[in-house]
Every structure is written in structure tokens, then in C-alpha cells.
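Its first residue numbered 4, the sequence shown is counted upward by one per residue in my numbering. Here a beta-carbon is modelled for each residue, glycine too, at the ideal position from N, C-alpha and C. It should be emphasised that the depicted structure is a prediction, and the values quoted were computed from it without experimental measurement. Have a look at the structure below before the remarks.
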Amino acid sequence: MISMQQISKQFGDLVVLKDINLEVEKGKVVVVIGPSGSGKTTLLRCLNILEKPESGSITIDQQTIDFSRKVSKKEILSFRKQSGMVFQTYNLFPHFTALENVMEGPVTVQGVNKAKAREKAGSLLSKVGLSEKLDVYPYQLSGGQQQRVGIARAMAIDPKVMLFDEPTSALDPELVGEVLLVMKQLAEEGRTMVVVTHEMKFAREVADEVIFMDNGVIIESGKPDELFSRPKEQRTKEFLNLINQ
Ligand SMILES: Nc1ncnc2c1ncn2[C@@H]1O[C@H](COP(=O)(O)OP(=O)(O)O)[C@@H](O)[C@H]1O
Ligand SMILES: [Mg+2]
Numbered sequence: 004m005i006s007m008q009q010i011s012k013q014f015g016d017l018v019v020l021k022d023i024n025l026e027v028e029k030g031k032v033v034v035v036i037g038p039s040g041s042g043k044t045t046l047l048r049c050l051n052i053l054e055k056p057e058s059g060s061i062t063i064d065q066q067t068i069d070f071s072r073k074v075s076k077k078e079i080l081s082f083r084k085q086s087g088m089v090f091q092t093y094n095l096f097p098h099f100t101a102l103e104n105v106m107e108g109p110v111t112v113q114g115v116n117k118a119k120a121r122e123k124a125g126s127l128l129s130k131v132g133l134s135e136k137l138d139v140y141p142y143q144l145s146g147g148q149q150q151r152v153g154i155a156r157a158m159a160i161d162p163k164v165m166l167f168d169e170p171t172s173a174l175d176p177e178l179v180g181e182v183l184l185v186m187k188q189l190a191e192e193g194r195t196m197v198v199v200t201h202e203m204k205f206a207r208e209v210a211d212e213v214i215f216m217d218n219g220v221i222i223e224s225g226k227p228d229e230l231f232s233r234p235k236e237q238r239t240k241e242f243l244n245l246i247n248q
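In C-alpha cells:
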């Protein structure tokens, strides 16, 4: 479903992704871990071309973009519709209700009529456990509830893949579980997901594969049990020791 081939990205002189190759099969969940600054967010942003790599190619489902040639804006916009992104901070529109936040994508991106978008937004919000909160504004919601609206919003354009960038790291500890539970349900439904998170329990239970990144490079990858219990590379061991303290 997702294939990244020899992706490189730099900001000025700083090389942030070096020759990244990544394959994610349909319905699989890949968790990405790694130290701050290792390029995890940039990797996700390249997947929906919020950042444009200098070289390499990315395929999602049937559509491939080769960054060694000129890529049109139209191509980028059409490619971007294939993924739904959930951010660390929820980025909801403060002047829109929960329902309006979720309707916005279908109405503006897909040209869906309002009645239909409203119905769909309602069912997505029920799915993330917020059927009682359709008409409230973000400031009236807890962080965990806001993030669940964020997940419903990302799903509203029927993306083929879901991308999560540390979706629980801004939350109070007692609110983390409700967001992870929704993500686990999506995984169980067979959605293809790439998740940057350091929630090890979630990774062990839900991930098909864990990738450890450092310094813009994939150092190693494997099944969660293997990578967490028997890491092969010294840098992976050191990182796991740090986060397990
Ligand atoms: N827009 C940008 N301009 C310049 N440097 C950036 C930009 N975004 C990220 N970086 C740098 O790229 C590196 C990787 O960042 P990031 O992908 O955010 O890492 P992570 O998500 O793993 O913490 C860091 O050194 C960061 O400072
Ligand atoms: Mg990041």
C-alpha cells in the first residue's frame, strides 16, 4: 500500500532523511520510534508531501510520485488526499464545532454536499466515542476528546492510509488510553497505519512492524517483540534503555 524508495530530504545543508526505503502492506500497522530530531515527523510529512523530498519516489496504492522530476501542484494535491494525518497538537479550528471540524475536509476537499458531510461526520464522531459532543467547540473538550475529533477529521476524507505523529504526547497521562483505544480499533478494522509513538505497550499490541530511526536513517526494523526484546544494533539498545528508564 505504501512504498518509499530511496527518499532523501534536506533542509539547507542539514540532511534529515538519508536514502529511506519503507514498505507497508495493506492493513498493516508500522510504528516508528527514535530520538527527537531523528527525522520521524519529516518522514510522515514526506508521505503526504507536506515536505517535498529531493530525490526518490513514493507510492501509495496506485499512485507514484517520482521526486527526481518536476512534480505539479495538482499531482501533490491528489496524492495528499490518500492519507489522513493526525498531529501531536490537534490543530482543530477553534471557531468550528466538533461536527464542523470533521465536515470541513469532505466539503472543501471532496466537494461533498453539507447534508451528506454532516451525516458522515456524525457517524465518525460516534465511532470515536463522541456522539454526545457533536455541537461543542474545541475549548469545551478535553485534550483526549480533541484528539479523537482530530482522528475523526483525518478519516473523513476516506484516506487509504492514516499517519499519526506522536498523537498522545501532548496529553495528560490519564487521557492517553482513550486515544490509543480508538487507534487500536482502527488497526483492528484493517486500516493501513504509520504511527510515530513511544507508547511501547501500544506498539507491542498493535504494530506489525517497528522501525527504529536515528539521524535520518532506518537503523533497524522488526516485529515488536524482536526489536524490543532482542535489538540487534547498539544504537537501538541505547535508545530502548533510555526510554525504559
Ligand atoms: N522546516 C524545517 N526547517 C529546517 N529544519 C527542520 C525543519 N523541520 C525539521 N527540521 C530539522 O530536521 C531534523 C528532523 O526533525 P523532525 O523530523 O522533526 O524529527 P523528529 O520528529 O524525529 O523529532 C531536526 O534536526 C529538525 O531540527
Ligand atoms: Mg517529531
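Cβ shell of residue i (< 7 angstroms), same chain only, five flanking positions each side left out
i: LEU127; result: VAL105, ALA155, MET158 and ALA159
i: GLU28; result: MET4
i: HIS201; result: ILE36 and ILE246
i: ASN218; result: SER41
Proximity of residue i and residue j at Cβ, strictly below 8 angstroms
i: PRO162; j: SER86; result: yes
i: PHE82; j: ILE36; result: no
i: GLU223; j: LEU230; result: yes
i: VAL33; j: VAL197; result: yes
i: LEU183; j: THR171; result: yes
Beta-carbon proximity list for residue i, same chain, < 8 angstroms, skipping 5 on both sides
i: GLU54; result: LYS12, THR45 and ARG48
i: PRO109; result: VAL115, LYS119, ALA120, LYS123, ALA124, ALA159 and ILE160
i: GLY146; result: TYR93, ALA173, LEU174, ASP175 and LEU178
Residue i, enclosing beta strand (DSSP E) - first and last residue
i: ILE23; result: 17-27
i: LYS270; result: There is no way to answer for residue 270, as the model of the chain reaches only from 4 to 248.
i: ILE221; result: 220-225
Closest Cα partner of residue i within the set the options
i: GLY59; options: GLN91, GLN65 and SER71; result: SER71
i: ASP64; options: GLU26, VAL34, GLY42 and PHE96; result: GLU26
i: THR100; options: VAL34, VAL112 and GLU135; result: GLU135
i: ALA210; options: PRO141, GLY30 and PHE14; result: GLY30
i: MET203; options: PHE215, GLN113, GLN8 and GLY193; result: PHE215
i: LEU189; options: ILE221, ILE61 and VAL164; result: VAL164
i: MET88; options: PRO38, GLY132, GLU192 and LEU166; result: LEU166
i: GLU191; options: GLU181, GLU208 and GLY180; result: GLU208
Cα-Cα separation between residue i and residue j, rounded to whole angstroms
i: ILE10; j: GLU212; result: 20 angstroms
i: VAL199; j: GLU78; result: 26 angstroms
i: ARG151; j: LYS21; result: 33 angstroms
i: PRO56; j: SER232; result: 33 angstroms
i: VAL112; j: GLU103; result: 14 angstroms
Cβ shell of residue i (< 6 angstroms), same chain only, five flanking positions each side left out
i: LYS235; result: GLU223
i: PRO141; result: LEU95, PRO97 and GLN149
i: VAL131; result: ARG151, ILE154, ALA155 and VAL185
i: PRO227; result: ALA206, ARG207, ALA210 and VAL213
Span of the alpha helix (DSSP H), counted from its first residue to its last, around residue i
i: ILE269; result: Residue 269 cannot be examined here, being either before or after the span of the chain that is shown, 4 to 248.
i: SER86; result: SER86 -> not in any alpha helix (DSSP H); beta strand (DSSP E) instead, spanning 86-89.
i: GLY125; result: 117-130
i: SER39; result: Note, SER39: premise wrong, no alpha helix (DSSP H); not H, not E.
i: ALA205; result: It should be pointed out that residue 205 corresponds to Phe in this sequence rather than to Ala. Per DSSP, PHE205 belongs to the alpha helix (DSSP H) from 203-209.
Give every residue whose Cβ lies closer than 5 angstroms to any heavy atom of ligand 3, listed in chain order. For the structure depicted, ligand 3 is absent and the ligand set comprises only ligand 1 and ligand 2.
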